[in-house]
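Below: the structure, in structure tokens.
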Amino acid sequence: NAGVTQTPKFRILKIGQSMTLQCTQDMNHNYMYWYRQDPGMGLKLIYYSVGAGITDKGEVPNGYNVSRSTTEDFPLRLELAAPSQTSVYFCASSYYGASLEANYGYTFGSGTRLTVV
Amino acid sequence: AQKITQTQPGMFVQEKEAVTLDCTYDTSDQSYGLFWYKQPSSGEMIFLIYQGSYDEQNATEGRYSLNFQKARKSANLVISASQLGDSAMYFCAMRGGGGGADGLTFGKGTHLIIQP
């Protein structure tokens with residue numbers, strides 16, 4: 030049971046380059062998320078998706094784009110990389126339920142450490 | 157909008173002592189969920205414990221318990237009999253109000269160091 034798989038684990042980009050961070054989950058979760066974690070800080074939401082074909086902005090979406098063509102995949106695209114995008118990126122997924130009370134759980138990938146120089 | 161506040165940037169605790177990590181939250185939602193995660197130096201996010209806003213009893217998971225005081229909007233994590241392996245960053249988080257679709261709001265974390 031792979032859970033949430035992120036690739037690559039590490040990447041160094043030059044300013045102005047572009048790249049795609051891959052995220053795949055095999056749990057048939059309908060909700061997927063991208064977070065970034067800056068040094069010494071908590072995670073901040075970049076984008077999220079409630080299902081294939083539906084995405085929405087989170088707290089810090091500038092400089093990023095996402096797509097969700099399948100339930101399993103939720104890639105994050107960085108266009109024109111900037112030093113401010115140096116961070117650790119986490120993909121996560123969760124199952125939708127009717128109750129806000131229940132713990133449906135969030136499964137996190139192992140993260141991608143990105144450095145922009 | 158939700159907000160999570162963790163006021164302890166770092167803590168040093170002697171091994172085998174109990175430790176309480178503070179978390180206060182702010183939300184206008186009547187129904188919500190609170191989470192604690194552990195992040196060791198290896199970087200992964202490890203789920204520890206969950207508390208639903210209507211749960212009348214405090215959540216417990218092994219050595220972890222959550223001291224939930226709804227009126228004070230606090231959800232402190234208690235680790236009993238701390239171990240060296242408990243040294244890590246600890247994050248308090250709340251489920252978003254958009255039916256849970258918009259993910260978790262995290263605090264800035266507490267860096268816990270267990271000393272032998």
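Taken in order, these protein sequences are the chains called A and B. Under this note's numbering, the first residue of the first sequence carries the number 30, and numbering increases by one thereafter. Under this note's numbering, the first residue of the second sequence carries the number 157, and numbering increases by one thereafter. Here a beta-carbon is modelled for each residue, glycine too, at the ideal position from N, C-alpha and C. These figures come from a predicted structure and were not determined experimentally.
Under the DSSP definition of a beta bridge, which residues are partnered with residue 195 of chain B? Position 39 of the second sequence, counting from 1, holds the residue named residue 195 of chain B. Looking at the DSSP assignment, residue 195 of chain B forms a beta bridge with B/245.
Roughly how many angstroms separate the alpha carbons of residue 163 of chain B and residue 233 of chain B, rounded to a whole number? For this step, residue 163 of chain B is matched to residue 7 along the second sequence. For this step, residue 233 of chain B is matched to residue 77 along the second sequence. Rounded to whole angstroms, residue 163 of chain B to residue 233 of chain B spans 13 Å at the Cα level.
Quick one: what's got a C-beta closer than 6 Å to residue 71 of chain A's C-beta in the same chain, skipping five residues either side? In the first sequence, residue 71 of chain A corresponds to position 42, counting from 1. Answer for residue 71 of chain A: no residue qualifies.
Alpha carbon to alpha carbon, what distance is there between residue 89 of chain A and residue 114 of chain A? Mapped onto the first sequence, residue 114 of chain A falls at position 85. Mapped onto the first sequence, residue 89 of chain A falls at position 60. If you take the alpha carbons of residue 114 of chain A and residue 89 of chain A, they lie about 11 Å apart.
What are the complete alpha helix (DSSP H) segments, minimum 4 residues, inside the region 165-218 of chain B? Runs of the alpha helix (DSSP H) inside the region 165-218 of chain B: none found.
Under 8 Å between the Cβ atoms of residue 245 of chain B and residue 181 of chain B? Counted from its first residue, the second sequence places residue 245 of chain B at position 89. Counted from its first residue, the second sequence places residue 181 of chain B at position 25. Between residue 245 of chain B and residue 181 of chain B, the C-beta gap is not smaller than 8 Å, which leaves the two residues out of contact.
Under three-state DSSP, which class holds residue 109 of chain A? One-based indexing of the first sequence puts residue 109 of chain A at position 80. In the structure shown, residue 109 of chain A falls within a coil segment according to DSSP collapsed to helix, strand and coil.
So, is residue 218 of chain B buried or exposed, given that buried needs 16 or more other C-beta atoms within 10 angstroms? Counting from one through the second sequence, the residue named residue 218 of chain B turns up at place 62. Result: exposed.
In angstroms, rounded to a whole number, what distance separates the CA positions of residue 186 of chain B and residue 65 of chain A? Here residue 186 of chain B refers to the residue found at position 30 of the second sequence. Here residue 65 of chain A refers to the residue found at position 36 of the first sequence. Computed Cα separation, rounded: 28 Å.
For residue 140 of chain A, decide whether its Cβ has a neighbour in chain B, counting only Cβ atoms nearer than 8 Å. Here residue 140 of chain A corresponds to residue number 111 of the first sequence, with the count starting at 1. Interface residue, yes.
Determine the direct distance from the alpha carbon of residue 160 of chain B to that of residue 179 of chain B, and round the result to whole angstroms. Position 23 of the second sequence, counting from 1, holds the residue named residue 179 of chain B. Position 4 of the second sequence, counting from 1, holds the residue named residue 160 of chain B. The alpha-carbon atoms of residue 179 of chain B and residue 160 of chain B are separated by roughly 7 Å.
Decide if residue 46 of chain A is buried, meaning its Cβ has at least 16 other Cβ atoms within 10 Å, or exposed. Along the first sequence, one-based indexing puts residue 46 of chain A at 17. By the 10 Å Cβ count, residue 46 of chain A comes out exposed.
Check whether the region 199-219 of chain B touches the region 135-142 of chain A, taking contact to mean three or more Cβ pairs, one atom from each stretch, closer than 8 Å. Output reads yes: the region 135-142 of chain A touches the region 199-219 of chain B.
Sorted by chain position, which residues of the same chain lie with C-beta nearer than 8 Å to residue 263 of chain B's C-beta, five sequence neighbours on each side aside? As a working mapping, residue 263 of chain B is identified with position 107 in the second sequence. So the list reads 160, 161, 162, 179, 247, 248, 249, once near-sequence residues are dropped.
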